[in-house]
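S.K.:
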Amino acid sequence: MEDFRIGNGYDVHALAPGLTLMLGGVKIESPVGCIAHSDGDVAIHALCDALLGALALGDIGKHFPDSSDEFRGIDSKILLSGTMDLVKGQGYAVGNADITIALQAPKLAPYIQTMRETLAGIMGVSVSAVSVKATTTERLGFVGRGEGCEVYAVALLYRDSR
Ligand code: MG
34 MEDFRIGNGY DVHALAPGLT LMLGGVKIES PVGCIAHSDG DVAIHALCDA
84 LLGALALGDI GKHFPDSSDE FRGIDSKILL SGTMDLVKGQ GYAVGNADIT
134 IALQAPKLAP YIQTMRETLA GIMGVSVSAV SVKATTTERL GFVGRGEGCE
184 VYAVALLYRD SR
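Here the sequence shown is numbered in the working numbering, starting from 34 and rising by one per residue.
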């Protein structure tokens with residue numbers, strides 16, 4: 034296998050009132066949350082897909098099917114941890130990851146650092162290797178109308194010779 038592998042991930046969840054909003058492993062104060070089989074952490078789902086994509090291992094739905102009771106309401110941090118087991122099992126480690134969360138509201142700035150620390154801890158990398166960015170879509174499209182949250186993620190893996 035190559036020394037370096039790159040992957041991208043993308044995920045969307047619909048938002049609905051009264052649900053818990055989890056993003057990047059952090060609970061966000063919000064009147065709406067993601068509709069999901071798991072805890073709906075769309076940021077972690079996109080990140081997992083980037084990590085799996087880097088190694089051409091399919092996607093999160095293949096490894097943690099949403100048809101399975103085992104994963105109903107599951108903390109997505111457990112899915113990221115499981116994904117990292119697959120990455121390590123292939124002999125790779127995370128070089129860095131970059132995540133962009135598109136959400137009209139609420140503002141995510143107060144949570145970004147905690148998300149970075151949480152994700153870095155699970156992936157076993159320094160916080161400086163994990164970027165989390167948030168944007169609105171200027172009220173355009175389904176994100177702008179507050180109907181959903183959309184996340185893009187990119188991850189670089191390197192072959193870990195330790
Ligand atoms: Mg998802």
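For glycine and all other residues, C-beta sits at the position ideal for the given N, C-alpha and C.
What residues come near the ligand MG, if near means a beta carbon less than 5 Å from any of its heavy atoms?
M.R.: 44 and 78
S.K.: What residues in its chain sit with their C-beta under 6 Å from that of residue 148, if we drop five residues either side in the sequence?
M.R.: Residue 148 sits at position 115 when you count from the first residue of the sequence shown. The residues are 57, 59 and 165.
S.K.: Quick one: using the 10 Å Cβ neighbour count with 16 as the cut-off for buried, is residue 161 buried or exposed?
M.R.: One-based indexing of the sequence shown puts residue 161 at position 128. Classification of residue 161: exposed, given that the 10 Å Cβ count is below 16.
S.K.: Residue 76 to residue 187, Cα distance in whole Å?
M.R.: As a position in the sequence shown, residue 76 is number 43, starting the count at 1. As a position in the sequence shown, residue 187 is number 154, starting the count at 1. When rounded, the distance between both Cα atoms is 11 Å.
S.K.: At what residues does the beta strand (DSSP E) containing residue 183 begin and finish?
M.R.: Taking the sequence shown and counting its residues from 1, the one referred to as residue 183 is at position 150. Taken as a continuous stretch (DSSP letters only), the beta strand (DSSP E) holding residue 183 covers 181-192.
S.K.: Have a look at the DSSP bridge pairing and note the partners of residue 131.
M.R.: Here residue 131 refers to the residue found at position 98 of the sequence shown. According to DSSP, residue 131 bridges with 164 and 187.
S.K.: Assuming residue 71 contacts residue 109 (C-beta within less than 8 Å), just tell me the rounded distance between them.
M.R.: Here residue 71 refers to the residue found at position 38 when the sequence shown is read from its first residue. Here residue 109 refers to the residue found at position 76 when the sequence shown is read from its first residue. Confirmed, about 5 Å.
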